[in-house]
Amino acid sequence: MRLATLRRGGRDGTLVAVSRDGARVAPVAGYATLQAALDDWDAAQAALHAAAQAAESGEGVQPDDFAAPLPRAWQWLDGSAFANHGALMQLAFGHAPIETDLPLMYQGMSHQFIAPTADVPLPSEADGIDFEGEFGVVTGDVPMGCSADDALAHVRLVVLINDWSLRAIAIPEMKTGFGWVQAKPACSVAPFAVTPDALGDAWRDGRVHLPLTVEVDGTWFGSPNGAAMGYGFHELIAHAARTRSLP
83 MRLATLRRGG RDGTLVAVSR DGARVAPVAG YATLQAALDD WDAAQAALHA
133 AAQAAESGEG VQPDDFAAPL PRAWQWLDGS AFANHGALMQ LAFGHAPIET
183 DLPLMYQGMS HQFIAPTADV PLPSEADGID FEGEFGVVTG DVPMGCSADD
233 ALAHVRLVVL INDWSLRAIA IPEMKTGFGW VQAKPACSVA PFAVTPDALG
283 DAWRDGRVHL PLTVEVDGTW FGSPNGAAMG YGFHELIAHA ARTRSLP
């Protein structure tokens with residue numbers, strides 16, 4: 083099942099199910115927003131599946147019609163799950179390798195997620211604007227102390243994210259010892275949020291076993307594969323939930 087949010091109906095947009103070809107949508111009866119459906123996930127299943135069927139002959143849409151699936155969320159936690167990413171960050175910051183078996187993770191800005199085709203307002207190119215293509219998951223309620231074995235049962239949706247970064251600000255902020263605020267502006271999010279079952283065999287071991295192809299101005303940049311994640315999403319969720327409930 084593929085869900086999205088249209089840029090209409092207020093700050094949280096309007097929830098729709100999306101056709102298999104991504105060209106048509108249908109509203110979800112009883113659930114105006116994706117957050118409302120997430121809060122009532124089990125009971126919402128019948129309405130969501132009915133909308134998914136209706137979307138095959140639903141309203142036509144264009145790319146600019148979509149907001150981020152969640153225009154704002156209760157929480158956004160970003161993990162560095164690839165060893166090479168951590169090594170590059172340490173090199174950039176001039177830090178010695180971190181001796182830990184814990185995933186690297188920070189809590190970022192969650193009150194705004196930018197629509198997939200929207201312009202991204204940033205103060206200055208001198209701040210070192212950079213991008214990071216990422217897989218992400220949207221969870222339901224996760225209890226504090228949730229184990230990695232139980233964590234995947236709480237995954238509701240899988241998304242694609244462009245995690246904007248301001249590299250010139252990141253290094254001074256990290257040196258304070260308190261982490262990022264200015265260096266991590268709002269993320270952009272791809273239009274569709276899919277249920278894990280929609281990925282078929284590509285969703286296993288808490289990872290998306292597919293390439294994430296990145297282009298810059300139409301030129302290929304890279305195609306990292308989610309299978310190479312050093313930590314699966316089940317492990318990242320368990321780490322985040324060690325001392326708090328989620329979301």
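Under this note's numbering, think of the first position of the sequence shown as 83, with each following residue one higher.
We put the CB at the ideal spot given by N, CA and C, even for glycine.
> Does the distance from the CB of Trp158 to the CB of Gly190 come in under 8 Å?
Replying inline: The residue given as residue 158 occupies position 76 in the sequence shown. The residue given as residue 190 occupies position 108 in the sequence shown. Yes, Cβ-Cβ distance for Trp158 and Gly190 is below 8 Å.
> Which residue's Cα is closest to the Cα of Ile243: Asp160, Ala280, Ser101?
Replying inline: Taking the first residue of the sequence shown as position 1, residue 243 is located at position 161. Of Asp160, Ala280, Ser101, the residue nearest in Cα terms is Asp160.
>> Do Glu138 and Arg102 have their beta-carbon atoms positioned less than 8 Å apart in this structure?
In response: Taking the sequence shown and counting its residues from 1, the one referred to as residue 102 is at position 20. Taking the sequence shown and counting its residues from 1, the one referred to as residue 138 is at position 56. Yes; because the gap between Cβ atoms is below 8 Å, this pair is in contact.
> Residues bridged to Ala99 by DSSP?
Replying inline: As a working note, residue 99 is residue 17 in the sequence shown. Answer is Leu85, Ala108, bridged to Ala99.
>> Assuming contact is defined by CB atoms lying nearer than 8 Å, are Ile211 and Ala150 in contact in what I supplied?
In response: Taking the first residue of the sequence shown as position 1, residue 211 is located at position 129. Taking the first residue of the sequence shown as position 1, residue 150 is located at position 68. Result no, Cβ atoms of Ile211 and Ala150 do not sit closer than 8 Å.
>> Is the beta carbon of Trp123 closer than 8 Å to that of Arg238?
In response: In the sequence shown, the residue the question calls residue 238 occupies position 156. In the sequence shown, the residue the question calls residue 123 occupies position 41. Closer than 8 Å, so yes.
>> Using DSSP's beta-bridge definition, name the partner residues of Leu328.
In response: Reading the sequence shown from its first residue, position 246 is the one you call residue 328. Per DSSP, Val224.
> What separation, rounded to the nearest whole angstrom, lies between the Cα atoms of Thr277 and Ala99?
Replying inline: Position 195 of the sequence shown, counted from the start, is the residue given in the question as residue 277. Position 17 of the sequence shown, counted from the start, is the residue given in the question as residue 99. Roughly 11 Å separates the two Cα atoms.
> Would you call Gln144 buried or exposed, if buried means 16 or more other Cβ atoms sit within 10 Å of its Cβ?
Replying inline: On the sequence shown, residue 144 is found 62 positions in, with the first residue counted as 1. With fewer than 16 Cβ atoms within 10 Å of its Cβ, Gln144 is classed as exposed.
> Taking all protein chains shown into account, do 16 or more other C-beta atoms lie within 10 angstroms of the C-beta of Trp302, making it buried, or fewer, making it exposed?
Replying inline: Within the sequence shown, numbered from 1, the residue matching residue 302 stands at position 220. So Trp302 ends up on the exposed side.
>> If the criterion is Cβ atoms closer than 8 Å, does the pair Ala108 and Ala86 meet it?
In response: Here residue 108 refers to the residue found at position 26 when the sequence shown is read from its first residue. Here residue 86 refers to the residue found at position 4 when the sequence shown is read from its first residue. In this structure, Ala86 does not lie closer than 8 Å to Ala108 by Cβ.
> Using the rule of at least 16 other Cβ atoms within 10 Å of the residue's Cβ for burial, across every protein chain shown, is Glu181 buried or exposed?
Replying inline: Counted from its first residue, the sequence shown places residue 181 at position 99. That one is exposed.
>> For Val296 and Pro306, what's the separation of their Cα atoms in angstroms?
In response: Sequence index remark: in the sequence shown, residue 296 carries index 214 (1-based). Sequence index remark: in the sequence shown, residue 306 carries index 224 (1-based). If I take the Cα positions, the gap works out to 9 Å.
> Is it true that the CB of Asp146 sits closer than 8 Å to the CB of Leu88?
Replying inline: One-based indexing of the sequence shown puts residue 88 at position 6. One-based indexing of the sequence shown puts residue 146 at position 64. In this structure, Asp146 does not lie closer than 8 Å to Leu88 by Cβ.
>> Can you look up Pro254 in the DSSP assignment and give me helix, strand or coil?
In response: What you label residue 254 is simply residue 172 of the sequence shown in a count that begins at 1. Pro254 falls in the helix class under three-state DSSP.
> Relative to the alpha-carbon of Leu234, which residue among Val219, Met187, Pro198 has its alpha-carbon at the smallest distance?
Replying inline: Looking up residue 234 in the sequence shown gives position 152. The shortest Cα separation from Leu234 among Val219, Met187, Pro198 belongs to Val219.
>> Using only CA atoms, which one of Ser162, Ala322, Met311, Asp223 lies nearest to Trp285?
In response: For the purposes of this step, residue 285 is taken as the residue at position 203 of the sequence shown. The candidate whose alpha carbon is nearest that of Trp285 is Met311.
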